Structures are given as C-alpha cells and as structure tokens.
Amino acid sequence: MHSSTRARLLLAAAVLLLSAAPAARAQETDDERKFGYVPGTENGPGNWSRLDPRWAKCNTGNMQSPIDLSHERLMRNLGYLDYSYLPAEASMVNRGHDIEVKFMGNAGRVVINGKAYKLKQLHWHTPSEHTVNGRRYDMELHLVHDDGNSNTVVIGNLYQIGNPDPFLLMLEPFIRRIADTKDRSEPIGVVDPQLAKSPDAVYYRYMGSLTTPPCTEGVIWTVFKRAQTVAQYQLDLLREAVADGYENNARPLQKVNNRNISIFIPDPKKD
C-alpha cells in the first residue's frame with residue numbers, strides 16, 4: 001500500500017472516531033434515566049431495576065424497604081435508642097425527588113450493638129413510606145447514618161397533620177429558596193438535628209434496604225412508633241419544592257418475607 005493511500009485511510013478513520021464520540025456520550029446521557037414514583041410508568045417503582053443494572057436489588061432483593069410494621073415481637077433488651085446530635089454546618093440540596101440536608105461536620109451519632117454511626121444527612125418523604133398496622137402517615141423524616149465502611153443506619157420519624165414541626169419551621173426559608181431548582185446546593189449555616197429527634201421511646205427495629213435506587217440491603221432500620229405533627233402548609237412546601245411528579249415520593253410497601261420486626265417498649269417497672 002502506498003504511503004499516501006495509507007495516510008488517507010488513517011485520516012478517514014480519525015474523522016470517523018471524532019464524529020462518533022459525541023454520539024456515544026449523548027447516548028450514555030439518554031440511558032441515564034431518572035427514577036420516578038408513579039406506578040405503571042416506565043420509570044415507576046416496579047421498573048427501577050430496569051433503568052440501571054446497578055439497581056437490580058430493587059426487584060430481586062428479599063430484604064427491601066419500606067414495610068408495614070405490624071407483626072412485631074417485644075424485645076425489651078433492645079434498650080433505649082442511644083443517639084445524640086450536635087449542631088453542625090450544613091447545606092440543603094434539592095435532589096429533584098426530595099429535599100436533603102447534608103451535614104458538613106460532626107452532627108452526632110447513633111450507637112447500635114456497640115458500633116457508632118455518624119449522622120450524614122436527612123430528607124423527607126410525603127406521604128410516609130413505612131406504615132404502622134396498615135396506617136400510612138402524612139410524612140416521614142429519614143435521618144441517615146453510616147460507620148465509614150458503607151454500613152448504614154436509618155432512623156425514621158413519622159408525622160401526621162397538626163401543629164407545625166419546629167425543625168421544619170427553622171428550615172422553611174431555605175426550602176423556598178431552592179424550590180424548583182434540581183441539584184442546587186445552598187449553604188444554610190449551622191443546623192441542630194437535635195430538634196428533629198423524636199420525643200418517643202417506643203421504636204421498631206428490622207433489617208431492610210435503602211428506599212431509593214440502588215435499594216442496597218443490609219440497612220438497620222429504626223422507626224419510632226408515635227407520630228409527631230407537621231402543619232399542612234409545611235407539607236405543601238416540601239411537595240412544591242421538588243420536581244414535578246415527585247410530590248408523592250414514597251416507595252410502595254415491600255414484602256416482609258418472614259423478617260423479624262422487633263419493638264422496644266420501656267418497662268414501667270424499671271423506669
């Protein structure tokens with residue numbers, strides 16, 4: 001083959017590669033479809049596992065969350081929940097499907113079975129994802145902790161319509177500021193998560209999963225039984241702030257699959 005012919009072929013090949021590169025990147029972006037909550041839709045909960053191979057557990061897992069907390073057994077040896085929080089610098093992120101408060105510093109921890117899990121972030125679901133004896137509440141707050149080795153503990157607080165929630169009251173100006181702006185992060189100064197703690201002592205405990213993709217299992221769930229209150233306008237504020245179609249961002253209930261659901265109730269004789 002003449003050198004001039006070889007040069008023309010190499011040049012043509014280079015042009016083809018360069019012209020194909022943007023198309024490949026565009027296709028990759030198109031395949032990165034977001035998940036939704038509307039049943040029966042292409043990206044609804046029943047199809048999450050089809051949107052990304054890394055989300056297979058959303059369909060194949062047998063320890064998925066949320067569940068109905070109804071078939072519990074009394075476990076007094078669980079003890080009072082050992083957790084304490086600290087004021088810490090935080091930012092608020094509109095993730096489109098929910099509003100998240102992300103802590104930048106040491107915001108405290110929960111201790112379970114002698115292991116400490118640091119509070120990393122919190123977010124809300126409307127209506128509640130977990131149900132108690134078949135009852136679904138108006139809102140659920142998730143406080144997400146980890147031990148630094150990808151082991152996760154989530155504390156869930158349930159809410160029903162009533163008086164305003166003091167913790168949300170403090171955050172309302174920031175929620176309004178990031179409304180309808182997906183993936184926008186807003187520094188919000190020091191936030192005290194102690195204000196989000198449940199006053200209740202009775203809680204459920206079970207092993208489950210993340211309630212959003214990738215639906216990773218092995219999550220230790222603690223859900224307080226008694227609901228707190230949230231004002232209707234606060235609920236509306238959270239729903240209006242997220243992207244269209246995510247106003248109801250609760251995953252459907254998952255099968256219990258013979259998992260143990262424990263409940264801690266303080267012994268009045270010892271208190």
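Just so it is clear: in the sequence shown, position 116 is 116 by the working numbering, and no numbers are missing.
Note that CB positions come from ideal geometry on N, CA and C, so glycine has one too.
No experiment lies behind these values; they were computed from the predicted model shown.
**Prompt:** For the candidate residues L235, S128, P193, whose alpha-carbon lies nearest to that of N163?
**Reply:** L235
**Message:** To the nearest angstrom, how far is the alpha carbon of R50 from that of L210?
**Reply:** Their Cα atoms are separated by approximately 17 Å.
**Prompt:** Does the region 89-96 touch the region 167-186, meaning 3 or more C-beta pairs lie closer than 8 Å?
**Reply:** yes
**Message:** For the region 156-170 against the region 187-202, do three or more pairs of beta-carbon atoms, one drawn from each stretch, fall closer than 8 Å, so that the two count as touching?
**Reply:** Yes, the region 156-170 touches the region 187-202.
**Prompt:** Buried or exposed: E42, going by 16 or more other Cβ atoms within 10 Å of its Cβ?
**Reply:** exposed
**Message:** If distances are taken between C-alpha atoms only, which option among E172, E72, E100, N77 comes closest to D267?
**Reply:** N77
**Request:** Would you tell me roughly how many angstroms separate the C-alpha atoms of P213 and Y246, rounded to the nearest one?
**Result:** 15 Å
**Prompt:** Unbroken beta strand (DSSP E) runs of length 3 or more, entirely within the region 110-165: which are they?
**Reply:** 115-125, 139-146, 152-161
**Request:** Ignore the nearest five residues each way along the sequence and tell me which others in A250's own chain have a CB closer than 6 Å to its CB.
**Result:** H125, P127, E129
**Request:** Pick helix, strand or coil for G96, following the three-state DSSP scheme.
**Result:** DSSP places G96 in coil when its eight states are reduced to three.
**Prompt:** In the structure shown, what three-state DSSP assignment does T229 receive?
**Reply:** strand
**Message:** I need the straight-line Cα distance from L238 to Q228, nearest angstrom please.
**Reply:** 17 Å
**Assigned exposure category for L74 - 16 Cβ within 10 Å defines buried** = exposed
**Request:** Check each candidate in D138, L143, E172, K255 and name the one with the smallest Cα separation from S65.
**Result:** K255
**Asked** Does the separation of the CB atoms of I220 and V153 fall below 7 Å?
**Response** yes
**Message:** Is it buried or exposed, Y233, if we count other Cβ atoms within 10 angstroms and call 16 or more buried?
**Reply:** exposed
**Asked** In its own chain, which residues sit with a C-beta less than 6 Å from the C-beta of P252, not counting the 5 before and 5 after it?
**Response** P45
**Request:** Taking H145 and V110 to be in contact with their CB atoms under 8 Å, please state how far apart those CB atoms are, rounded to whole angstroms.
**Result:** 5 Å
**Message:** Can you tell me which residues form a DSSP beta bridge with V101?
**Reply:** M92, L122
**Request:** Buried or exposed for R54, please, with buried defined as at least 16 other CB atoms from any protein chain shown within 10 angstroms of its CB.
**Result:** exposed
**Item:** Test item: CB-CB of I261 and Y204 under 7 Å
**Value:** yes
**Asked** Just reading off the beta strand (DSSP E) that T222 is part of, what are its end residues?
**Response** For T222, the enclosing beta strand (DSSP E) has its first and last residue at 217-224.
**Message:** Measuring only the C-alpha atoms, how far is F264 from V101?
**Reply:** 28 Å
**Request:** Could you check how far apart the C-beta atoms of Y117 and E140 are, in whole angstroms? I think they sit under 8 Å.
**Result:** 19 Å between Cβ atoms; not a contact.
**Asked** What does V242 pair with, by DSSP beta-bridge criteria?
**Response** Bridge partners of V242: none, in fact.
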